[in-house]
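Comments concern the structure below.
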Amino acid sequence: MSRKLRFLPALSMLALGACATVAEERLSSIVVDDESYVLRTRVIETENGSFETTSARVRGKYFICKIDSPGDCEAAVRRGRESNIFDRD
2 MSRKLRFLPA LSMLALGACA TVAEERLSSI VVDDESYVLR TRVIETENGS
52 FETTSARVRG KYFICKIDSP GDCEAAVRRG RESNIFDRD
């Protein structure tokens, strides 16, 4: 039973990928505690319109943040630094 549950997130991402496209991608940077990290902002287009999503790259993984919310991307970087790189999402 637990094996089946592991595949549900993968299937939901596959379904999202089938009906959404990345229309634009911008990279910027953020400095947290004297270290620089990449911020990736994407414009996603769906059949219902488009939306923007931003994430901070920490140790090869992306952590979602709200770029227009003060301190949120810094908090995402800190979450990334504190997370175990072997954790599964």
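Quick note: the sequence shown uses this note's numbering, first residue 2, plus one each step.
From the three backbone atoms N, C-alpha and C, an ideal C-beta is built for every residue, glycine too.
Beta-bridge partners of ILE68, as assigned by DSSP: DSSP lists no partner for ILE68.
Beta-carbon proximity of VAL39 to ARG58, cut-off 8 Å: yes
Backbone secondary structure at LEU9 - three-state DSSP: At LEU9, the pLDDT of 40 sits below 50, so the modelled position is not reliable and the matter cannot be decided from this model.
Alpha carbon of CYS66 to alpha carbon of GLU48, nearest angstrom: 24 Å
Where PHE52 falls, given that 16 or more other Cβ within 10 Å makes a residue buried: exposed
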